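One structure is given here, and the rest of the page talks about it.
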Amino acid sequence: MSEKQQPPLGTPFVPGGIGKKGHVVGFFSPNCVDTPASTFGALWAGGVVSPANPAYSVKEVAFQRKDSGSKALITQASCLQTAVEAAKGAGLPRDRILLMGDVKYGGVVYLQHSIASAKPAHRSPRYVSQVNDLSFLFYVCRALLVIHSRHRGAKVTVLPAFKPETFLNATQAHKITFAYLVPPIILSLGKSPLVASYDLSSPKIIASAAAPLTLALIQSVSQGIKIPIKQAWGVSEASPVVTTMLAGDWQKAIGSVGRALPNQSIKIDCEAGDVLPPGKDGEIWVRGPNIFPGYTNDPTATADCMTDGGFMKMGDIGHISQQKDTSTSPTEGAHQVQRLPGPPSKRPKLRGPTWSRGPLAAEKGVEDEVLKRQIREWIHAKGAHQKKSRGGLVRAEKTPKSAAGKILRRVSRDRVEAEGEGKTVRAKL
5 MSEKQQPPLG TPFVPGGIGK KGHVVGFFSP NCVDTPASTF GALWAGGVVS PANPAYSVKE
65 VAFQRKDSGS KALITQASCL QTAVEAAKGA GLPRDRILLM GDVKYGGVVY LQHSIASAKP
125 AHRSPRYVSQ VNDLSFLFYV CRALLVIHSR HRGAKVTVLP AFKPETFLNA TQAHKITFAY
185 LVPPIILSLG KSPLVASYDL SSPKIIASAA APLTLALIQS VSQGIKIPIK QAWGVSEASP
245 VVTTMLAGDW QKAIGSVGRA LPNQSIKIDC EAGDVLPPGK DGEIWVRGPN IFPGYTNDPT
305 ATADCMTDGG FMKMGDIGHI SQQKDTSTSP TEGAHQVQRL PGPPSKRPKL RGPTWSRGPL
365 AAEKGVEDEV LKRQIREWIH AKGAHQKKSR GGLVRAEKTP KSAAGKILRR VSRDRVEAEG
425 EGKTVRAKL
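Structure below.
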């Protein structure tokens, strides 16, 4: 079939009623080679893409589908049961559930922060440009990166999930040269004895994002697997990248998240409203065409994070070095507690702060009310406004994290609320 004879990419969506501007098409699927094409097909048909994490529960998927007003839901066989139940809960007919991938039977982006339900955010289409080989495709930007990579002539390897043997086999067999990996995978590679059994000479560099890598971890893992590791930083509201390291700078600026991408303005702000000079820690504010227009149907949340000058208050603490590289501390609550006066043995190992409406999740070490009060006072004095503790401190045996390494603060919040009602909550990881 010639290029002229081929039907437009989004043709299958039109008979199903997905053709009017603004119709939302949901995606609920692990990594799949069909995801990028289906994403662009939905966009061609006039739809808006709303992907969901394949680890979501029925309740979470149903909320996102109902809240976004989805007209269709695309999934795979492995997620079909959850998708069907979620569609029922959202009032979505079964004939609007579409299967992709290896079928054997016949963008509104939801941000995974610490709140009970994910926040829907409009994504700006003006600024998405990058290359990738391996990544999570349930983030809408990742599907776009796959398409961009193919447009540039790069070979793309898609894995449904991370398994050490599968990843190492794929890297060796397909001669992967560039990989987007999240911190838990990088840590796994650094510790795995399997690495020595594979030829990993092809990767030129690993790019890490989604959660911070410590300086010690970067040095340890990069020396062990003999592959340079660079970091990038951003949020979904920034479509999603704000800064990235140049490949040649990974050792010179190790531990930082690199330089700002083009057309963005970054400033470091203190609570008094002053712009801080290089080297001084403060809240990072970003402005640019990549910053989202606002949260869907939530003007209050939008107003809370946006300034009159168009800057978005990122909530993360960091500074700009003399070399203009940006250093961030996305879990700065832990950083602040490690600065808490007193011997290290008496400091609690704080794993990450919540937003202002939730509790702080701390591991063993919170022994008495005096120490709790000291922690609260310290965070209030040093932390960003929206990351101050207002819900109290609780002890947790384990910190719940997503597959990307992000701390699932909503799980901690749900636990505290359930304990107040005499219930028990288990993390769905």
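For the sequence shown, the positions run 5 to 433 when our numbering is used.
For glycine and all other residues, C-beta sits at the position ideal for the given N, C-alpha and C.
Keep in mind it's a predicted model, so treat the numbers as computed, not measured.
What is the residue span of the alpha helix (DSSP H) that Arg69 lies within? Residue mapping note: residue 69 aligns to position 65 of the sequence shown, counting from 1. Unbroken alpha helix (DSSP H) run through Arg69: Val62 to Ser72.
Since Val52 and Gly93 should fall inside the 8 Å C-beta cutoff, what is the C-beta to C-beta distance between them, to a whole number of angstroms? Numbered from its first residue, the sequence shown carries residue 52 at position 48. Numbered from its first residue, the sequence shown carries residue 93 at position 89. About 21 Å; that fails the 8 Å criterion.
Assigned exposure category for Ala307 - 16 Cβ within 10 Å defines buried: Walking along the sequence shown from the start, residue 307 turns up at place 303. The residue is exposed, with fewer than 16 neighbouring Cβ atoms inside 10 Å.
With burial defined as no fewer than 16 other Cβ atoms inside 10 Å of the residue's Cβ, what is the status of Asp203: buried or exposed? Translated into positions along the sequence shown, residue 203 becomes position 199. Its Cβ having fewer than 16 others within 10 Å, Asp203 is exposed.
State the DSSP-derived secondary structure class of Glu401, mapped to helix, strand or coil. Here residue 401 corresponds to residue number 397 of the sequence shown, with the count starting at 1. DSSP places Glu401 in coil when its eight states are reduced to three.
Which residue wins for smallest C-alpha separation from Ile258, given the options Leu280, Thr218, Ser240 and Val37? Against the sequence shown, residue 258 aligns to sequence position 254. Here the closest residue by C-alpha is Thr218.
List, from N- to C-terminal side, the beta strand (DSSP E) runs of 3 residues or more that fit wholly inside the segment 28-105. 28-32, 52-56, 74-79 and 101-103
Validate contact between the segment 312-324 and the segment 270-281 using beta carbons, cut 8 Å, 3 pairs: yes
Range of the contiguous beta strand (DSSP E) that encloses Glu287: Taking the first residue of the sequence shown as 1, we reach residue 287 at position 283. Glu287 -> beta strand (DSSP E) spans Gly286 to Arg291.
Going by Cα to Cα distance, which pick from Ala158, Ser72, Ser74 and Arg98 is closest to Leu84? One-based indexing of the sequence shown puts residue 84 at position 80. Cα-wise, what sits closest to Leu84 is Arg98.
With burial defined as no fewer than 16 other Cβ atoms inside 10 Å of the residue's Cβ, what is the status of Pro347: buried or exposed? Indexing the sequence shown from 1 puts residue 347 at position 343. Model confidence at Pro347 stands at a pLDDT of 43, short of 50, so the residue's coordinates are unreliable; what they give is reported in the following sentence. Label assigned to Pro347: exposed.
Contacts around Phe166, its chain only, beta-carbon distance under 6 Å, and the 5 residues preceding and following it disregarded: For this step, residue 166 is matched to residue 162 along the sequence shown. Closer than 6 Å at the Cβ level, and outside the excluded window around Phe166, lie Ile189.
Using C-beta distances below 7 Å, list every residue in its chain close to Ser226, excluding the 5 sequence neighbours before and after it, in chain order. By one-based count along the sequence shown, residue 226 stands at place 222. So the list reads Pro232 and Ile233, once near-sequence residues are dropped.
Looking at the unbroken alpha helix (DSSP H) that takes in Asp308, where does it start and where does it end? Taking the sequence shown and counting its residues from 1, the one referred to as residue 308 is at position 304. Per DSSP, Asp308 belongs to the alpha helix (DSSP H) from Pro303 to Cys309.
The beta strand (DSSP E) that contains Ser212, what's its start and end? Position 208 of the sequence shown, counting from 1, holds the residue named residue 212. Looking at the DSSP string, the run of the beta strand (DSSP E) that includes Ser212 is Ile209 to Ser212.
If we ignore side chains and look at the alpha-carbon of each, how far apart do Lys402 and Phe67 end up? Against the sequence shown, residue 402 aligns to sequence position 398. Against the sequence shown, residue 67 aligns to sequence position 63. The straight-line gap from Cα to Cα measures roughly 27 Å.
Could you tell me whether the segment 266-277 touches the segment 206-214, using the rule of 3 or more Cβ pairs below 8 Å? no
Using C-beta distances below 8 Å, list every residue in its chain close to Ser128, excluding the 5 sequence neighbours before and after it, in chain order. Mapped onto the sequence shown, residue 128 falls at position 124. Here Ser128 scores only 47 on pLDDT, less than 50, and its place in the model is too uncertain to base an answer on.
Excluding the five sequence neighbours on either side, which residues of its own chain have a C-beta within less than 6 Å of the C-beta of Val162, listed in chain order? Within the sequence shown, numbered from 1, the residue matching residue 162 stands at position 158. If we look at Val162 and ignore the five residues flanking it on each side, its Cβ neighbours are Asn35 and Val37.
Classify Pro266 as buried or exposed, calling it buried when 16 or more other Cβ atoms lie within 10 Å of its own Cβ. Reading the sequence shown from its first residue, position 262 is the one you call residue 266. Exposed is the call here.
Drop a sphere of 10 angstroms on the beta-carbon of Arg343, count the other beta-carbons inside from all chains shown, and report buried for 16 or more, exposed for fewer. Here residue 343 corresponds to residue number 339 of the sequence shown, with the count starting at 1. Unreliable positioning characterises Arg343 in this predicted model, as indicated by a pLDDT of 43, which lies under 50. The coordinate reading is nonetheless provided below. By the 10 Å Cβ count, Arg343 comes out exposed.
Tell me whether Leu193 is buried or exposed, calling it buried when 16 or more other Cβ atoms sit within 10 Å of its Cβ. Along the sequence shown, one-based indexing puts residue 193 at 189. Leu193 should be labelled buried.
Would you mind sorting Thr358 into buried or exposed? The rule is 16 or more other CB atoms within 10 Å of its CB. Counting from 1 along the sequence shown, the entry for residue 358 is found at position 354. At Thr358 the pLDDT is 30, less than 50, meaning the model places this residue with poor confidence and gives no usable figure here.
Under 8 Å by Cβ, that's how I've got Leu221 and Leu191 pegged, so tell me the actual separation to the nearest angstrom. Numbered from its first residue, the sequence shown carries residue 221 at position 217. Numbered from its first residue, the sequence shown carries residue 191 at position 187. Confirmed, Cβ separation roughly 7 Å.
Rounding to the nearest angstrom, what Cα-Cα distance links Gly238 and Ala214 in this structure? In the sequence shown, counting from the first residue as 1, residue 238 sits at position 234. In the sequence shown, counting from the first residue as 1, residue 214 sits at position 210. Looking at the two C-alpha atoms, the distance is approximately 8 Å.
Contact defined as beta carbons within less than 8 Å: I believe Ser42 pairs with Ile78. What is the distance between those atoms, to the nearest angstrom? Counted from its first residue, the sequence shown places residue 42 at position 38. Counted from its first residue, the sequence shown places residue 78 at position 74. The pair is a contact, with the Cβ atoms about 6 Å apart (cut-off 8 Å).
Pro168 to Gly228 span [Cα, whole Å]: Residue mapping note: residue 168 aligns to position 164 of the sequence shown, counting from 1. Residue mapping note: residue 228 aligns to position 224 of the sequence shown, counting from 1. When rounded, the distance between both Cα atoms is 16 Å.
Among Val246, Ile210, Ala87 and Leu103, which has the Cα closest to the Cα of Lys230? In the sequence shown, counting from the first residue as 1, residue 230 sits at position 226. It is Ile210 whose Cα lies nearest to the Cα of Lys230.
Using DSSP's beta-bridge definition, name the partner residues of Lys167. Taking the first residue of the sequence shown as 1, we reach residue 167 at position 163. None; Lys167 has no bridge partner.
Which residue wins for smallest C-alpha separation from Val28, given the options Gly262, Ser196, Glu64 and Lys75? As a position in the sequence shown, residue 28 is number 24, starting the count at 1. It is Lys75 whose Cα lies nearest to the Cα of Val28.
Which residues bound the beta strand (DSSP E) around Lys317? For the purposes of this step, residue 317 is taken as the residue at position 313 of the sequence shown. It spans Met316 to Ile324 - the beta strand (DSSP E) in which Lys317 sits, taken as one unbroken run.
Chain-order list of residues whose beta-carbon lies under 6 Å from that of His178 (same chain, five-residue window excluded): As a first step, residue 178 must be located in the sequence shown, where it is residue number 174. Within the same chain, His178 has close Cβ partners Thr161.
Work out the CA separation of Val290 and Gly313 for me, nearest whole Å. The residue you call residue 313 lines up with position 309 of the sequence shown. The residue you call residue 290 lines up with position 286 of the sequence shown. One C-alpha to the other measures close to 10 Å.
Could you spell out where the beta strand (DSSP E) holding Ala220 opens and where it closes? If you number the sequence shown from 1, residue 220 lands on position 216. Segment Leu219 to Ile229 is the alpha helix (DSSP H) holding Ala220; no beta strand (DSSP E) there.
If Gly30 and Ser72 are in contact, beta carbons under 8 Å, what's the gap, nearest whole angstrom? For the purposes of this step, residue 30 is taken as the residue at position 26 of the sequence shown. For the purposes of this step, residue 72 is taken as the residue at position 68 of the sequence shown. That pair is a contact at about 7 Å.
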